[in-house]
Amino acid sequence: MGEPSPLPVSVPVSVDETLDLLARGNYVGERSLATVLFLSLKLGRPLFLEGEA
347 MGEPSPLPVS VPVSVDETLD LLARGNYVGE RSLATVLFLS LKLGRPLFLE GEA
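Numbering (our numbering), first residue to last: 347 to 399.
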């Protein structure tokens with residue numbers, strides 16, 4: 347397994363910026379995923395995803 351990617355130096359300032367970061371990393375993500383990811387980063391809390399891939 348490879349090394350995990352380093353976190354961005356700063357937390358995104360908006361959901362739209364989070365969407366842009368996902369796209370630049372070649373991740374496919376909807377606005378709903380970007381929203382919960384943004385809130386998780388902003389609040390400094392872990393994000394638990396469950397379900398089918």
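Glycine is no exception: its CB is placed at the ideal position from the N, C-alpha and C atoms.
Residue 339, enclosing alpha helix (DSSP H) - first and last residue: Because residue 339 is not part of the residues shown, which for the chain are 347 to 399, the question remains open.
Between residue 391 and residue 379, what straight-line distance do the alpha-carbon atoms span, to the nearest angstrom? Approximately 15 Å between the Cα atoms of the pair.
With respect to 7 Å, is the separation between the Cβ of residue 392 and the closest non-hydrogen atom of the ligand SAH below this value? Judged by which ligands are present, the structure shown has none, so any question about the ligand SAH falls away.
Residue 365 - DSSP class collapsed to helix/strand/coil: Note: residue 365 maps to helix in three-state DSSP.
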